[in-house]
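Asks: Handing you this structure, nothing more for now.
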Amino acid sequence: LPYKARYLSMLLDMEAPPESSICIGCGKDGVFRCTECVYRPIFCIDCCLDAHKLSPFHCIQRWTGTFFEDYSLCLVHHVF
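Okay, so the sequence shown: first residue is 2 according to our numbering, each after it adds one.
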């Protein structure tokens, strides 16, 4: 593959810790990201819920301090 190094770098960048943990919606501390929204924005829980009112089945992840873990909006009663 001629672009193997570039693809690998991009994949690793997607799993790296966020450069900024500031929520794009309100400026508070953010620990959630959506893997399906463009640019994988960082959200606080309130802005994440608000942004996903019409997209409740998007894949959400939560930053644990060392890695992103899968997180369900069902856990905060957003999807029943």
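In this text, a Cβ means the ideal position worked out from N, Cα and C, and glycines have one as well.
1) Please report the straight-line C-alpha distance between LYS29 and TYR8, rounded to a whole angstrom.
2) Who are the Cβ neighbours of THR36 in its own chain at under 8 Å, not counting the five residues just before and after it?
3) Measure the beta-carbon distance from ILE43 to SER21 and round it to whole angstroms, keeping in mind my assumption that it falls under 8 Å.
4) Nearest by alpha-carbon distance to GLY31: which of VAL39, CYS45, ILE25, PRO19 is it?
5) ARG34 and PHE68 - do their beta-carbons sit closer together than 8 Å?
6) Does DSSP classify GLU16 as helix, strand or coil?
7) Measuring straight from C-alpha to C-alpha, what distance separates LEU50 and LEU2?
Replies: Inspection of the coordinates gives the following:
1) Taking the sequence shown and counting its residues from 1, one reaches residue 29 at position 28. Taking the sequence shown and counting its residues from 1, one reaches residue 8 at position 7. Looking at the two C-alpha atoms, the distance is approximately 32 Å.
2) Taking the first residue of the sequence shown as 1, we reach residue 36 at position 35. The answer, listed in chain order, is HIS59, CYS60, ILE61, GLN62.
3) The sequence position of residue 43 within the sequence shown is 42, counting from 1. The sequence position of residue 21 within the sequence shown is 20, counting from 1. With a beta-carbon spacing of about 7 Å, ILE43 and SER21 fall inside the 8 Å limit used to define contacts.
4) Here residue 31 corresponds to residue number 30 of the sequence shown, with the count starting at 1. Nearest of VAL39, CYS45, ILE25, PRO19 to GLY31, Cα basis: CYS45.
5) Taking the first residue of the sequence shown as position 1, residue 68 is located at position 67. Taking the first residue of the sequence shown as position 1, residue 34 is located at position 33. Contact check for PHE68 against ARG34 fails: the beta carbons are separated by 8 Å or more.
6) Sequence index remark: in the sequence shown, residue 16 carries index 15 (1-based). GLU16: helix per DSSP, three-state reduction.
7) Walking along the sequence shown from the start, residue 50 turns up at place 49. Walking along the sequence shown from the start, residue 2 turns up at place 1. For LEU50 and LEU2, the distance between alpha carbons rounds to 40 Å.
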